[in-house]
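Under the working numbering, read the sequence shown as residues 4 to 261, first letter to last.
Even glycine gets a Cβ: it sits at the ideal position worked out from N, Cα and C.
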Amino acid sequence: MPIGSSVSLSRVSNSSIIRASIGSGKRRVTTTSGRVRVISRSLPNPCVPLPRRHSRAEAKGQAEWTPRDGCICGRFGPSKAGRTPRGAVLGDGAAVTSTRNWWWPVLIVGCLVAALPALAGEVGRVTGLPVPRFVSIGVEVANLRVGPRNSYDVIAIYRRRGMPLKVLDEFDTWREVEDHEGTRGWMHQRLLSGRRTVMVIGEAQTLRRAPAEDAVAMLVAEPLVLGELLRCQAAWCFVEIDRRRGWMQASGLWGITP
């Protein structure tokens with residue numbers, strides 16, 4: 004049997020930490036972290052490249068975006084026995100073997116190591132900031148599109164600066180966001196602001212001087228009223244509405260991460 008190259012991946016139980024080892028003749032690269040258990044499976048899916056923010060294709064507006072979870076990197080043809088998987092899917096343990104080009108397994112591991120934060124589902128693949136997280140609209144008019152490019156159709160047009168949106172995913176300079184009604188789409192980062200705001204949802208909410216239901220009422224905010232989020236404490240949030248600062252129950256606000 005000819006000497007080829009192999010990749011074996013292991014994944015920590017209830018964790019995104021992956022151990023990867025590569026062997027190819029005299030070449031061996033090993034990356035380890037934490038206690039692991041081995042998972043091996045066949046993967047019939049084809050491969051697509053992991054988008055990179057500064058790739059040449061993206062600079063020319065040719066980067067490929069696929070509206071699905073995960074990413075497959077590398078491509079391998081079937082072995083003589085026909086049992087070799089065609090690729091390695093991020094987030095899955097896999098065993099991949101190729102009898103050509105030893106550097107392909109290195110590419111696989113490189114993709115996996117670079118994508119470890121994304122596997123945990125806790126940070127964005129572009130900014131490294133928490134996902135999901137809340138931002139707000141930073142312009143007077145903002146278009147929400149089907150996909151992360153100006154050529155995609157517009158789903159909705161927002162004409163309210165300061166409206167809170169939840170960031171669900173990232174692709175290059177685009178962010179997949181969701182509004183308070185559950186409408187999802189892609190918006191360019193230049194239309195968004197890191198300023199934290201909240202929106203009153205459900206019934207009218209009372210702004211109080213202290214975080215207690217019997218505290219003095221300062222004003223009553225109707226649904227869809229916006230306010231600036233200053234901080235939260237247990238079931239209450241300290242917000243500013245109409246130049247007045249006070250406490251409001253978090254359950255009646257949109258724009259707060261649970």
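Around the beta carbon of G185, fewer than 16 other beta carbons sit within 10 angstroms, so the residue counts as exposed. Residues of the same chain with a CB within less than 8 Å of the CB of Q192, apart from the 5 flanking positions on each side, are T176, W177, R178 in chain order.
Secondary structure at R211: strand, using DSSP grouped into helix, strand and coil.
In the DSSP secondary-structure assignment, E173 is bridged to R178. Distance from the CA of R152 to the CA of G188, rounded to the nearest whole angstrom, comes to 11 Å.
A straight-line Cα-Cα distance of about 33 Å links F174 and I244. Beta-bridge analysis with DSSP links R193 to no other residue. Comparing C-alpha distances from V223 to each of S196, G131, R247, R234 shows the shortest one belongs to R247. G230 sits in a strand when the DSSP states are folded into three classes. Taking the CA atoms as reference points, E231 sits about 15 Å from Q208. For S154, the three-state secondary structure derived from DSSP is coil. Per DSSP, reduced to three states, the secondary structure at G249 is strand. Going by C-alpha positions, S139 is about 6 Å away from G197. Per DSSP, the unbroken beta strand (DSSP E) holding S139 starts and ends at 136-140.
Secondary structure of G127 (DSSP, three-state): coil.
One Cα belongs to W239, the other to V142, and the distance between them is close to 28 Å. With a 10 Å radius around the Cβ and a threshold of 16 neighbouring Cβ atoms, G205 comes out exposed.
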